[in-house]
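Q: Oh and the sequence shown: position 47 is 47 in the UniProt record's numbering, straight run, nothing missing.
Glycine included, each C-beta is placed from N, C-alpha and C at the ideal position.
Can you keep this structure in mind? I'll have questions shortly.
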Amino acid sequence: MPGDSSRFVSRLLQMMQNIKAIRPREHNNRVHLDKHLEPCKFVFVRVDAVKKPLTPPYKGPYKVIKRTHKYFIINKNGNNETISIDRIKPAFYEVPQATEDNTANKQSLTSIAKKQEEEEKLSTTPSCLTHSRRLIKIPKRYVHFAI
């Protein structure tokens, strides 16, 4: 048996020498870039910190000062900051419509303001107290009904 083990070791050594290493693959690390990121004038910046619940993940919008291949320079609170494109998302905003629509919007806003004032007047109606002196506040939708 001692001869078998030495022969096994020599064969194993020969087989291990014949094994050739495989060349490593060349991975193409493509980063997803939003097609709207290049022409945008304003961007949102992702907050990379531990956040409390219901905290928005992005801050902004901030004005873009300069673009490069890997980062943007933005105006953040009066200071120019360099931000990686990995943390940026384009900001979309509505362009104001014609002046005729603006006058209609102003009229609708004034009518909404008048309705809110009327509701506030109705909500100031006196509330009732219970026997234990707890204040009963009637919801706005039931103000028109008698107690």
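So Y71 and S84 are in contact, right, with Cβ under 8 Å, and what is the actual spacing, rounded?
A: With a Cβ gap of about 5 Å, Y71 and S84 count as contacting.
Q: Does DSSP put T125 in a helix, a strand or coil?
A: The predicted model places T125 with a pLDDT of 49, which falls under 50 and marks its position as unreliable, so this point remains unresolved.
Q: Got a sec, what are the start and stop residues for the beta strand (DSSP E) N77 sits in?
A: Unbroken run through N77: none, as it is neither H nor E.
Q: So K89 packs on V43, CB below 8 Å; how close in whole Å?
A: Between V43 and K89 the Cβ distance is about 7 Å, and since that is below 8 Å, they are a contact.
Q: For P61, which residues from the same chain have a beta carbon less than 8 Å from its beta carbon, with the 5 sequence-adjacent residues on both sides left out?
A: Taken in chain order, the residues that qualify are F42, V43, F44, A91 and Y93.
Q: Tell me which same chain residues have a C-beta within less than 7 Å of the C-beta of T110, skipping the five on either side of it?
A: None.
Q: Taking 7 Å as the limit between beta carbons, can you name the residues of its chain near I65, skipping five residues before and five after?
A: The answer, listed in chain order, is I73, I74, N75 and N80.
Q: With H, G and I counted as helix, E and B as strand and the rest as coil, what does DSSP make of I138?
A: Three-state DSSP puts I138 in coil, outside helix and strand.
Q: Three-state secondary structure (DSSP) at V45?
A: V45 falls in the strand class under three-state DSSP.
Q: Just the C-alpha distance for E26 and Q14, rounded to the nearest angstrom, thanks.
A: Computed Cα separation, rounded: 30 Å.
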